[in-house]
Amino acid sequence: MSIPVVTTIELQSLPKLTSGKVRDLYEIDDKTLLFVTTDRISAYDVIMANGVPQKGAILTQLTAHWFKVLKERIPDLKTHFISLTPPSSVSDQDKALIRGRSMQVRRLKVFPIEAIVRGYITGSAWNEYQKTGTVHGIPQPAGLKQCDAFPKPLYTPSTKAELGDHDENISPEKAAEIVGEKYAARIEELALKVYTTAAEYAREHGIIIADTKFEFGLDEETDDIVLIDEVLTPDSSRFWPANEYEVGRDQDSFDKQFLRNWLTKEGLKAKDGVEMPQEIVEATSARYKEAFKLLTGKTLEEALAEL
Ligand code: ATP
Ligand code: MG
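So the sequence shown is numbered by our numbering: it starts at 9 and just counts up by one.
So, in structure tokens, the structure goes:
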């Protein structure tokens with residue numbers, strides 16, 4: 009039996025608040041959300057017409073795994089995670105639709121920036137560096153090769169675009185204007201700490217996290233900055249197999265790069281409604297599953313059986 013690919017979900021038992029490119033957010037109560045991850049996949053900020061089987065479950069289970077690991081290694085870290093079990097107000101029929109792909113989270117005010125951290129020079133950062141010797145306008149040492157590690161991880165925030173728009177790179181100063189001085193430095197510090205901790209864990213499990221994107225929210229009662237959204241998944245990060253890593257060339261990554269390369273080759277970059285051929289879907293699914301297994305030590309099926 010083939011596994012159904014779920015790109016749209018309409019739950020009957022909870023009101024839907026919004027849909028992002030990949031997730032749907034439902035309201036449980038004024039303090040709690042049900043965060044549902046579909047099998048949709050986006051690249052270059054547009055959603056593909058078809059999805060990737062089990063992607064929603066992989067991202068959800070991997071995010072939950074990371075929250076656990078991060079809490080162990082950074083005890084004072086605050087995250088939005090509550091539970092992988094949906095609340096009792098969700099009907100059995102709806103529960104079946106979201107099995108493995110939902111998470112109860114704390115509903116928070118989202119800081120409107122993407123906290124990107126880069127450990128290695130690749131993608132748009134590599135393109136910029138080759139032209140100007142800078143990354144996000146920040147001067148870098150001469151002589152870096154493609155996919156080299158930065159002397160230390162770099163915080164390169166961007167704006168958080170509305171659906172259909174593109175994120176824009178900004179300086180840490182501009183980020184401070186957007187979120188306020190008071191929070192900007194704490195967000196930067198936290199993003200770097202979480203990246204460094206996660207990169208160390210991933211390295212122990214055979215994966216290099218080249219770069220990643222975090223989102224943070226504000227707990228308005230305690231004034232705490234809280235790690236929200238998905239974390240450290242192949243959607244939000246570039247994952248490279250550590251045993252094949254070599255500077256001076258592109259890496260065969262575990263993430264969306266395969267899809268991005270295909271879109272570029274076919275001239276379909278940023279076009280709407282692209283249908284991915286089966287081989288691209290399967291290659292992407294296999295890469296996501298492999299990253300999951302390396303990082304969690306379990307297959308997705310094993311993780312789902314524990315729910
Ligand atoms: P992409 O990740 O492809 O850029 P997207 O950012 O449009 O897509 P999704 O990831 O599909 O969005 O949906 C998640 C949405 O939920 C994001 O807008 C994110 O900011 C928001 N979000 C995440 N955690 C919380 C939270 N705890 N409270 C409120 N909103 C949240
Ligand atoms: Mg997102």
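Here a beta-carbon is modelled for each residue, glycine too, at the ideal position from N, C-alpha and C.
Kindly indicate which three-state DSSP category residue 132 falls into: helix, strand or coil?
helix
message: So for residue 7, helix, strand or coil by DSSP?
response: The requested residue 7 does not occur in the structure, where the chain is confined to residues 9 to 315.
Discussion item. Here's a check: name, in chain order, each residue in its chain whose Cβ is nearer than 7 Å to the Cβ of residue 261, leaving out the five neighbours to either side.
Written reply: 246, 247 and 248
> Residues in its own chain within less than 6 Å of residue 270 by CB, not counting five upstream and five downstream?
Replying inline: 288
Do you know how far the Cα of residue 138 is from the Cα of residue 195? 29 Å
Residue 238: CB within 7 Å of a non-hydrogen atom of ligand 2 = yes
* To do: Give the secondary structure of residue 127 by DSSP, where H, G and I count as helix, E and B as strand, and everything else as coil.
  => strand
How many whole angstroms separate the CB atoms of residue 152 and residue 129, which I take to be in contact at a CB cut-off of 8 Å? 5 Å
Can the beta-carbon of residue 112 be found closer than 8 Å to that of residue 40?
-> yes
Would you kindly work out how many angstroms separate the C-alpha atoms of residue 29 and residue 54, rounded to a whole number? 8 Å
Selected residue, minimal CA-CA separation from residue 114, among 226, 166, 52 and 311
226
query: Does the count of Cβ pairs from the segment 55-63 and the segment 293-306 closer than 8 Å reach three?
result: yes
Are at least three pairs of beta-carbons, each pair with one atom in the segment 177-185 and one in the segment 161-168, less than 8 Å apart? yes
Cα-Cα separation between residue 187 and residue 49, rounded to whole angstroms: 29 Å
key: Beta-carbon proximity of residue 234 to residue 71, cut-off 8 Å   = no
Quiz prompt | Runs of beta strand (DSSP E) wholly within the segment 229-256 (minimum 3 residues, chain order) | solution = 232-236 and 245-249
**Asked** Whose CA, out of 242, 46 and 11, lies closest to the CA of residue 18?
**Response** 46
Discussion item. Please determine whether the Cβ atom of residue 28 lies at a distance below 7 Å from any heavy atom of ligand 2.
Written reply: yes
Local Cβ density within 10 Å of residue 78, reported as buried at 16 or more and exposed below that:
buried
(request) For residue 114, write down the residues that DSSP places opposite it in a beta bridge. (result) 40
*Distance between residue 224 and residue 155 (C-alpha atoms, nearest Å)*: 27 Å
Item to complete: Quickly, what does DSSP pair residue 227 with across the bridge? List them, please.
Response: 232
Please name the residue in 191, 265, 206 and 277 whose C-alpha comes closest to that of residue 80. 206
Quiz item: How many whole angstroms separate the CB atoms of residue 44 and residue 109, which I take to be in contact at a CB cut-off of 8 Å?
Solution: 6 Å
* On the three-state DSSP scale, how would you describe residue 264? -> coil
Taking 7 Å as the cut-off, is the CB of residue 214 close to at least one heavy atom of ligand 1?
no
inquiry  = In the DSSP assignment, the beta strand (DSSP E) including residue 163 goes from what residue to what residue?
reply    = 157-163
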